[in-house]
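Sequence lines, in order, name chains A and B.
The first sequence begins at 5 in the working numbering and counts up one residue at a time.
The second sequence begins at 52 in the working numbering and counts up one residue at a time.
Here a beta-carbon is modelled for each residue, glycine too, at the ideal position from N, C-alpha and C.
Remember, it's a predicted structure, so these values are computed and weren't measured experimentally.
What follows is one structure encoded as structure tokens, with my remarks underneath.
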Amino acid sequence: KLHSDYYHRRRSYFENSIKRHAYLNSFSTDKDSAKYGINQFSDLSINEFRELYLTATAETGPPYSGLKTEE
Amino acid sequence: LPAKFDWRDKAAVGSVQNQQACGGCWAFSVVGAIESVYAKAGQPLKQLSVQQVIDCSYKNQGCNGGSITRALSWLKQTRVKLVKQSEYPYKAKTGICHLFSQSHDGVLVKDFAAHDFSGREEAMMGRLVEWGPLAVTVDAVSWQDYLGGIMQHHCSCHHANHAVLVTGYDTTGDVPYWIVQNSWGTSWGNEGYVYIKIGGNVCGIADSVTAVFL
Numbered sequence: 005k006l007h008s009d010y011y012h013r014r015r016s017y018f019e020n021s022i023k024r025h026a027y028l029n030s031f032s033t034d035k036d037s038a039k040y041g042i043n044q045f046s047d048l049s050i051n052e053f054r055e056l057y058l059t060a061t062a063e064t065g066p067p068y069s070g071l072k073t074e075e
Numbered sequence: 052l053p054a055k056f057d058w059r060d061k062a063a064v065g066s067v068q069n070q071q072a073c074g075g076c077w078a079f080s081v082v083g084a085i086e087s088v089y090a091k092a093g094q095p096l097k098q099l100s101v102q103q104v105i106d107c108s109y110k111n112q113g114c115n116g117g118s119i120t121r122a123l124s125w126l127k128q129t130r131v132k133l134v135k136q137s138e139y140p141y142k143a144k145t146g147i148c149h150l151f152s153q154s155h156d157g158v159l160v161k162d163f164a165a166h167d168f169s170g171r172e173e174a175m176m177g178r179l180v181e182w183g184p185l186a187v188t189v190d191a192v193s194w195q196d197y198l199g200g201i202m203q204h205h206c207s208c209h210h211a212n213h214a215v216l217v218t219g220y221d222t223t224g225d226v227p228y229w230i231v232q233n234s235w236g237t238s239w240g241n242e243g244y245v246y247i248k249i250g251g252n253v254c255g256i257a258d259s260v261t262a263v264f265l
């Protein structure tokens, strides 16, 4: 039963990803545009993906204002 | 500026890594930048230890997350030398920090510069050519489904959650783009790379840009 639950959950995430791909690809109008589809993350939920892979934080630096003369 | 530039063509970029089930993108980005700047200075390209940064950069959270600038501040202030990957191999989990003597061979970070280049991506191109590959943060939510091509939509700025390495750019085609090395293995994207449109701060690529000086 445990394996079955796991399978169905993963399958549900995978099916959700297929729906996402259709939406994301609808903006891809030319040959160079990004393509979205099945990859190694397709059976992860959006939250699982965020928790595992989107873990960086950023400290905003000062706006770049060009080089100083001495540089 | 050249219309097309890529530090890979100068043999100054390490191979694409796979962080596996460890949220250490920030460390891969920092170590990638250091490796490249070291090679840019005429030294042989060598793989340095990401695990050392994950374990020892105490102001970050190891595999649970971290920041590029905090890691570089730690390297600069403590003058810890980054050792070779073979001496401190990657384990994809946070471990106890291994210390090396100051006489041990390694790469020392002298300084770094972190700037906001939003609205100034052409200047950022110039800095990339001058300084070397740039460690940046991006909003990578839509990257979960990315297969290849130039990313132009579905990517917000000011919501950074992932760290990567900008190695080059290409403005010769209809859509100019940044060439960005990720750390999710070579089976993701364009052999491990993602292309992001130049202009418009797509994915927030210009929001937090860091260069390393050795």
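Annotation: B:G251 to B:G170 spans about 7 Å, alpha carbon to alpha carbon. With its beta carbon at least 8 Å from every one in chain A, B:N252 lies outside the interface. Under the Cβ criterion of 8 Å, A:E19 is not counted among the residues facing chain B. Under the DSSP assignment, B:W194 falls outside any beta strand (DSSP E); it carries neither an H nor an E label.
In this structure, the alpha-carbon of B:G236 lies about 21 Å from that of A:N51. Per DSSP, the beta bridge partners of B:Q232 are B:L216 and B:Y244. Cβ neighbours of A:S49 within its own chain (closer than 7 Å, five residues either side excluded): Y17. Judged by their CB atoms, B:V217 and B:V187 are nearer to each other than the 8 Å cut-off. Note on B:E86: 16 or more other CB atoms within 10 angstroms of its CB, so buried under the neighbour-count rule. Within the DSSP bridge table, the entry for B:T188 names B:A214 as partners. The residues V160, in chain order, have a CB closer than 6 Å to that of B:L126 in the same chain once the five nearest residues on each side in sequence are set aside. Going by DSSP, B:T129 is part of the alpha helix (DSSP H) stretching over I119 to T129. For the segment 69-80 of chain B, the set of residues with a beta-carbon nearer than 9 Å to any beta-carbon of chain A comprises Q70, A72, C73, G74, G75, C76, W77 and S80, in chain order.
Interface with chain B (8 Å Cβ-Cβ cutoff): A:S37 is included.
Taking CB atoms only, A:Y11 has no neighbour in chain B less than 8 Å away.
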